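Have a look at the structure below, then the notes.
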Amino acid sequence: MAGYLTLPAGRDLTAETEVRRSRFLAQVTRVGDESGARAVIASRRSAYPDARHHCSAFVLGPDPRTERSNDDGEPSGTAGAPMLQVLRSAGLSDVVAVVTRYFGGTLLGTGGLARAYADAVQAALDGDGQRVRREPVELFDLAVPHAEAGRVEAGLRAAALDRPDLQVLGTSYRDDAVLHLAAGPISARHLPELIAGLTAGAHAAVPTGRDWIDVPV
Numbered sequence: 007m008a009g010y011l012t013l014p015a016g017r018d019l020t021a022e023t024e025v026r027r028s029r030f031l032a033q034v035t036r037v038g039d040e041s042g043a044r045a046v047i048a049s050r051r052s053a054y055p056d057a058r059h060h061c062s063a064f065v066l067g068p069d070p071r072t073e074r075s076n077d078d079g080e081p082s083g084t085a086g087a088p089m090l091q092v093l094r095s096a097g098l099s100d101v102v103a104v105v106t107r108y109f110g111g112t113l114l115g116t117g118g119l120a121r122a123y124a125d126a127v128q129a130a131l132d133g134d135g136q137r138v139r140r141e142p143v144e145l146f147d148l149a150v151p152h153a154e155a156g157r158v159e160a161g162l163r164a165a166a167l168d169r170p171d172l173q174v175l176g177t178s179y180r181d182d183a184v185l186h187l188a189a190g191p192i193s194a195r196h197l198p199e200l201i202a203g204l205t206a207g208a209h210a211a212v213p214t215g216r217d218w219i220d221v222p223v
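Each residue of the sequence shown is one higher than the one before, counting from 7 in this note's numbering.
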């Protein structure tokens, strides 16, 4: 399953644009699922209850992706669809875009509306270029004696500097110290050799499942 681009967790991208005295307030937010996307849309409605329109678009997940758009009272196809196209063109997923419009008294026409809504989302994306890549990983647990845990963890973190898809997620302390690891396909192939080198062949990681992680780009 292929990875995809998204925004860093907890980061909202915002912009305000104006076209013929109509104000367009855009926000693009990372979300984890459709309920999260709809919660963001509801939050924007609550934040600007006097606005005439709160148009939205969101893209979720890897292929096949979930895509939705809503014109919220604007003429059909003049708001949500152009916003969705901007998200597609940026190659982003797990994001929701909401554009709140305050009408300025002048009709923009269907073409003008489509450009205005698309430009508002694009302005928000252009304001911050930081992105992360969401990558599928395998999860592993590595149990080592408490006395060795610090050294082994340091070795794994040092190796991860050259392998962004290798991450130490944390440590649980039981009879042994258990290091929780995530590794992409390439790092997973090299993990047994890496651990053998750090533990003189005395310990091996045990697969525990699959997940997704953020990898800097």
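Virtual Cβ for every residue (Gly too), placed ideally from N, Cα, C. These numbers come from a predicted model, not from an experiment.
Beta-bridge pairing by DSSP links T106 to L31, H60.
Three or more pairs of CB atoms, one per stretch, sit closer than 8 Å, so the stretch 112-121 contacts the stretch 75-84. Taking V127 as reference, the option from T177, G203, C61 with the minimal CA-CA separation is C61.
In this structure, the alpha-carbon of L162 lies about 12 Å from that of E199.
Every alpha helix (DSSP H) of 4 residues or more that sits fully in the stretch 72-152 is shown, in chain order, as 86-95, 115-132. Scanning its chain for C-beta atoms nearer than 8 Å, with the 5 sequence neighbours on each side dropped, one finds around R140 the residues G9, Y10, L11, T12, P68, S99, D100, W218, I219, D220, V221, in chain order. Under the Cβ criterion (8 Å, minimum of three pairs), the stretch 91-98 does not count as touching the stretch 146-164.
Our two residues, A48 and T177, have alpha carbons roughly 38 Å apart in a direct line.
Leaving aside the five residues that flank F64 on each side, the residues in its chain whose CB is nearer than 6 Å to its CB run, in chain order, A43, R74, V102. Rounded to whole angstroms, the separation of the alpha carbons of A122 and P55 is 21 Å. DSSP, reduced to helix, strand and coil, places R169 outside both helices and strands of the structure shown, so it counts as coil. Straight-line measurement puts the Cα of A45 at about 11 Å from the Cα of T35. In the three-state scheme derived from DSSP, where H, G and I count as helix and E and B as strand, A183 is classed as strand. Judged by beta-carbon spacing, E154 lies beyond the 9 Å limit of A194, meaning their Cβ atoms are not closer than that value. Taking all protein chains in view, the Cβ of D39 is surrounded by fewer than 16 other Cβ atoms within 10 Å, so the residue is classified as exposed.
For G110 against R26, the beta-carbon gap comes to about 6 Å, under 8 Å, which counts as contact.
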